[in-house]
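> Read in order, the letters of the first sequence are residues 575 to 797 in our numbering.
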Amino acid sequence: MTVNVREIYSRLFETFGPQHWWPGKTPFEVLVGAVLVQNTNWQNVERAIANLREADLLEPHALGEVPPEELEELIRPAGYFRVKARRLRSLLEFLVERYDGSLERMFGTELSALREELLSVHGVGPETADSILLYAGELPVFVVDAYTHRIFARHGWISFEDDYHAIQEYFQSNLPDDVQLYNEYHALIVRLGKHFCRKSNPKCAKCPLHDYLPDGEPLEPEF
DNA sequence: TGCCAGGCCGGGT
DNA sequence: ACCCGGCATGGC
Numbered sequence: 575m576t577v578n579v580r581e582i583y584s585r586l587f588e589t590f591g592p593q594h595w596w597p598g599k600t601p602f603e604v605l606v607g608a609v610l611v612q613n614t615n616w617q618n619v620e621r622a623i624a625n626l627r628e629a630d631l632l633e634p635h636a637l638g639e640v641p642p643e644e645l646e647e648l649i650r651p652a653g654y655f656r657v658k659a660r661r662l663r664s665l666l667e668f669l670v671e672r673y674d675g676s677l678e679r680m681f682g683t684e685l686s687a688l689r690e691e692l693l694s695v696h697g698v699g700p701e702t703a704d705s706i707l708l709y710a711g712e713l714p715v716f717v718v719d720a721y722t723h724r725i726f727a728r729h730g731w732i733s734f735e736d737d738y739h740a741i742q743e744y745f746q747s748n749l750p751d752d753v754q755l756y757n758e759y760h761a762l763i764v765r766l767g768k769h770f771c772r773k774s775n776p777k778c779a780k781c782p783l784h785d786y787l788p789d790g791e792p793l794e795p796e797f
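(1) Quick check: the Cα distance between tryptophan 596 and arginine 765, rounded to an integer number of angstroms?
(2) Given this structure, state the Cα-to-Cα distance separating arginine 679 from arginine 689, to the nearest angstrom.
(3) Please state whether DSSP places histidine 635 in a helix, a strand or coil.
(4) List in chain order: all unbroken beta strand (DSSP E) runs of 3+ residues lying wholly within the region 699–762.
(5) Given glycine 675, which residues of its chain have a CB within under 7 Å of its CB, disregarding the five upstream and five downstream residues?
(6) So glutamate 667 is in the alpha helix (DSSP H); what residue range does that whole segment cover?
(7) Taking C-alpha atoms, which residue in Asn578, Arg672, Asn625, Leu708 lies nearest to leucine 605?
(8) Work out the CA separation of proline 750 and glutamate 758 for me, nearest whole Å.
(9) Could you tell me how far apart the beta carbons of glycine 697 and valine 609 are, in whole angstroms, since I believe they sit closer than 8 Å?
(10) Out of curiosity, what's the CA-to-CA distance linking arginine 585 and serine 733?
(11) Whole angstroms are fine: how far does the CA of alanine 761 sit from the CA of glutamine 593?
(12) For leucine 713 and threonine 683, I'd like the C-alpha separation in whole angstroms.
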């Protein structure tokens, strides 16, 4: 099925309007949030970030020097708190050692090189790296997540077997290189996914994209 | 109440 | 090269 990815975007935007993701936050807070939100509800992440703010720790050097156990307690509400404390510390060590804790310097690095650097940090995978690049660095990278995969595969526009990179290419090669567009598109996909495309809801009834569903083919309810 | 969330890593085949 | 378990809290 051939579908204009821009048309899908328009449909989502008309339905849901602007999502205002990570508005008015500092780039550093976005970076921290990108790790904390891994496979986790954003609401839980907000509690953890509130703890960090209250402790005056939303700054690279300060957060990097917090004792591990204390960091764990502060971010506990975000879930996987031991794992995430380690991942955060890896990322902070990278940021401080490599860029003296300056996000401005970090984002001055050439995009593909910086992406590779981030991916080399323990606990930073493709989605986390791209979220940091797009939402903290305002760099033109399309963020792919589980909802993106599930929604577009269920509709038959991509394959269930496509990996992160294939899906990212699918979007970037069919869209202008526009930070604002990538920002809003990903946020809209998440919005759609939360309401209409959960794992247990394969029929997608009342989904704004319902009329795009392929006829006949079952939609792999377990995915 | 059980299922799930804006992933990623490491060990086993 | 895959596949799968582990990680953990809070909301619906």
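Glycine included, every Cβ here is placed at the ideal spot set by N, Cα and C.
In short:
(1) Position 22 of the first sequence holds residue 596. Position 191 of the first sequence holds residue 765. Whole-angstrom Cα-Cα distance: 14 Å.
(2) Position 105 of the first sequence, counted from the start, is the residue given in the question as residue 679. Position 115 of the first sequence, counted from the start, is the residue given in the question as residue 689. Using only the alpha carbons, I get a separation of about 14 Å.
(3) In the first sequence, counting from the first residue as 1, residue 635 sits at position 61. Residue state, collapsed to three classes: helix.
(4) none
(5) The residue labelled residue 675 in the question sits at position 101 within the first sequence. For glycine 675, where only same-chain residues beyond five positions count, the Cβ hits under 7 Å are Pro634, His635, Leu669.
(6) For the purposes of this step, residue 667 is identified with residue 93 of the first sequence, where counting begins at 1. Glutamate 667 -> alpha helix (DSSP H) spans 655–673.
(7) Position 31 of the first sequence, counting from 1, holds the residue named residue 605. The shortest C-alpha separation from leucine 605 is found at Leu708.
(8) To locate residue 758, count along the first sequence from 1; it is residue 184. To locate residue 750, count along the first sequence from 1; it is residue 176. If I take the Cα positions, the gap works out to 13 Å.
(9) Numbered from 1 along the first sequence, position 123 holds the residue referred to as residue 697. Numbered from 1 along the first sequence, position 35 holds the residue referred to as residue 609. That belief holds up - the Cβ atoms of glycine 697 and valine 609 are roughly 7 Å apart, short of 8 Å.
(10) Position 11 of the first sequence holds residue 585. Position 159 of the first sequence holds residue 733. In this structure, the CA atom of arginine 585 is about 22 Å from the CA atom of serine 733.
(11) In the first sequence, residue 593 corresponds to position 19, counting from 1. In the first sequence, residue 761 corresponds to position 187, counting from 1. Computed Cα separation, rounded: 6 Å.
(12) Taking the first residue of the first sequence as position 1, residue 713 is located at position 139. Taking the first residue of the first sequence as position 1, residue 683 is located at position 109. Those two C-alpha atoms are separated by around 11 Å.
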